[in-house]
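Written out below as structure tokens is the structure these notes cover.
Numbering (this note's numbering), first residue to last: 17 to 174.
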């Protein structure tokens with residue numbers, strides 16, 4: 017009986033030692049961390065598209081697109097409103113860049129939209145090749161009577 021008792025005790029001691037070492041190593045081991053230095057000037061891709069994500073109470077997203085061409089300049093207004101959006105009233109204004117780089121107003125149209133989801137296409141006359149800017153400024157109205165200002169712009173050329 018004596019040899020088995022010694023073997024049992026030594027096995028228990030070995031298992032206890034293994035558990036203790038495992039706990040000790042988990043407490044003292046620090047995770048490996050890799051640091052990467054940043055370059056002095058981060059890479060930023062240039063684009064004519066300006067993405068704006070302002071906070072609105074009644075609008076989840078708004079998008080404005082302009083497509084100038086030889087016969088007309090078409091544009092699209094897309095508004096995805098919340099359930100509280102009742103209507104949007106605003107003015108779309110078309111500008112064309114002159115030779116000195118200044119945008120000159122060419123035309124504008126007033127719009128009234130109802131509902132919470134709006135996708136509308138419109139056109140202006142064409143004013144020849146060049147760079148165009150389209151702005152939409154107005155007010156979004158709630159079903160509860162409140163209102164908030166909207167201002168968005170985009171550019172494109174042909």
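All residues carry an ideal CB built from backbone N, CA and C; glycine is no exception.
It should be emphasised that the depicted structure is a prediction, and the values quoted were computed from it without experimental measurement.
Residue from 85, 96, 154 with nearest C-alpha to residue 76: Taking only the C-alpha atoms, the option nearest residue 76 is 96.
Residue 141 (DSSP reduced to helix, strand or coil): If DSSP states are grouped into helix, strand and coil, residue 141 belongs with the strands.
C-beta contact flag for residue 104 and residue 112 at 8 Å: At the C-beta level, residue 104 and residue 112 stay beyond 8 Å of one another.
Under 8 Å between C-beta atoms of residue 143 and residue 171: Inclusion of residue 143 and residue 171 in the CB contact set at 8 Å is not warranted, their separation being larger than that value.
Assigned secondary structure, residue 86 (DSSP; H/G/I helix, E/B strand, else coil): Taken through DSSP and simplified to helix, strand or coil, residue 86 comes out as coil.
Cβ-based burial, residue 91 [other Cβ within 10 Å; buried from 16]: Label assigned to residue 91: buried.
Candidates 101, 138, 174, 160: closest to residue 166 by CA position: Here the closest residue by C-alpha is 101.
Beta-carbon separation (whole angstroms), residue 124 vs residue 109, contact threshold 8 Å: Distance from residue 124 to residue 109 at the Cβ level is roughly 4 Å; contact confirmed, criterion being Cβ atoms closer than 8 Å.
Straight-line Cα distance separating residue 116 from residue 78: Cα atoms of residue 78 and residue 116: separation of roughly 31 Å, rounded to the nearest angstrom.
Under the three-state DSSP convention, the category residue 73 falls into: Three-state DSSP puts residue 73 in coil, outside helix and strand.
Under the three-state DSSP convention, the category residue 115 falls into: When secondary structure is reduced to three states using DSSP, residue 115 falls in the coil class, being assigned neither helix nor strand.
For residue 86, the nearest candidate out of 151, 145, 164 (CA to CA): Closest by alpha carbon: 145.
Same chain, Cβ closer than 6 Å to residue 94, five either side skipped, listed in chain order: So the list reads 79, 135, once near-sequence residues are dropped.
Whole-angstrom distance between residue 137 and residue 73, CA atom to CA atom: If you take the alpha carbons of residue 73 and residue 137, they lie about 24 Å apart.
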